[in-house]
Amino acid sequence: MNIDRYDRLVFWFALASIAGLLFNIAAIPIHKELVLSVHGHLSNTEILMIFGFFLVFVFNLVSILWLTSESNRTRDRGARRIFGILFGVLCLVLLYGDKVMIDEIARAWRAGAGIAGGLSLMYLFLLIQLAYNIFILLHMRRCRLLEVPPAAVS
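See below:
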């Protein structure tokens, strides 16, 4: 795949993933009864939330591949790249944590127990994912600046 096309793919997945994250962050408290209750079918909101999490998962995979493959074409081969790869792997693990937390929050909500702690932890996971998306976008910008010859930078 062309390098510029791969960069654009990562960029658009980053934006789509951010949109999915923001939708999920907003939809959970707004549609709490719909999301946390057990019913026979998935609502449109739940389908959009699942799609948002799928976009985040695909973005994590694509961005980790991008971080590992771009080392051959940029001058940035230091700790920032290693940090990005480890951050991406952490976010993949946290996606599973989000799934577990949604299940636990739903179970506690149906039992009438408090859900504030579970929601706080799940939102922390989602905000860490959002920070990773922003890190990748900033890293892409930095790598793009490194590829431009010094005379062309104004």
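Using my numbering, the letters of the sequence shown correspond one by one to residues 245 to 398.
Note that CB positions come from ideal geometry on N, CA and C, so glycine has one too.
Beta-carbon contacts of residue i that lie in its chain and below 6 Å, excluding the five residues immediately before and after
i: leucine 299; result: Ala260, Ser261, Gly264
i: glycine 296; result: Gly264, Phe267, Asn268
i: lysine 343; result: none
Own chain, CB closer than 7 Å to residue i, minus 5 neighbours either side, in chain order
i: aspartate 251; result: Met384
i: leucine 338; result: Phe369, Ile372, Gln373
i: leucine 363; result: Ile349
i: leucine 365; result: Met345
Same chain only: Cβ atoms within 8 Å of residue i, ignoring 5 sequence neighbours per side
i: threonine 289; result: Ala271, His275, Leu278, Val279
i: arginine 351; result: none
i: isoleucine 294; result: Leu286
Whole-number beta carbon distance between residue j and residue i, since they are thought to touch under 8 Å
i: alanine 258; j: leucine 381; result: 5 Å
i: leucine 253; j: valine 306; result: 7 Å
Nearest neighbour of residue i, chosen from the options [CA to CA]
i: asparagine 304; options: His285, Phe255, Gly362; result: Phe255
i: tyrosine 376; options: Cys387, Ala355, Phe331; result: Phe331
i: tyrosine 367; options: Met345, Ile378, Ala350; result: Met345
i: phenylalanine 327; options: Arg249, Pro273, Phe379; result: Phe379
i: cysteine 387; options: Gly356, Met293, Gly322; result: Gly322
i: arginine 354; options: Arg249, Asp248, His283; result: His283
For residue i, three-class secondary structure by DSSP
i: alanine 357; result: coil
i: leucine 280; result: helix
i: serine 364; result: helix
i: serine 287; result: coil
i: glycine 322; result: coil
i: histidine 195; result: With the chain covering only 245 through 398, there is no way to say anything about residue 195.
i: phenylalanine 301; result: helix
i: asparagine 316; result: Low confidence applies here, because asparagine 316 scores a pLDDT of 44, under 50, leaving its location unreliable and the question unanswered by this model.
Per the contact definition of three or more C-beta pairs closer than 8 Å, is the region 278 to 295 in contact with the region 305 to 314? no
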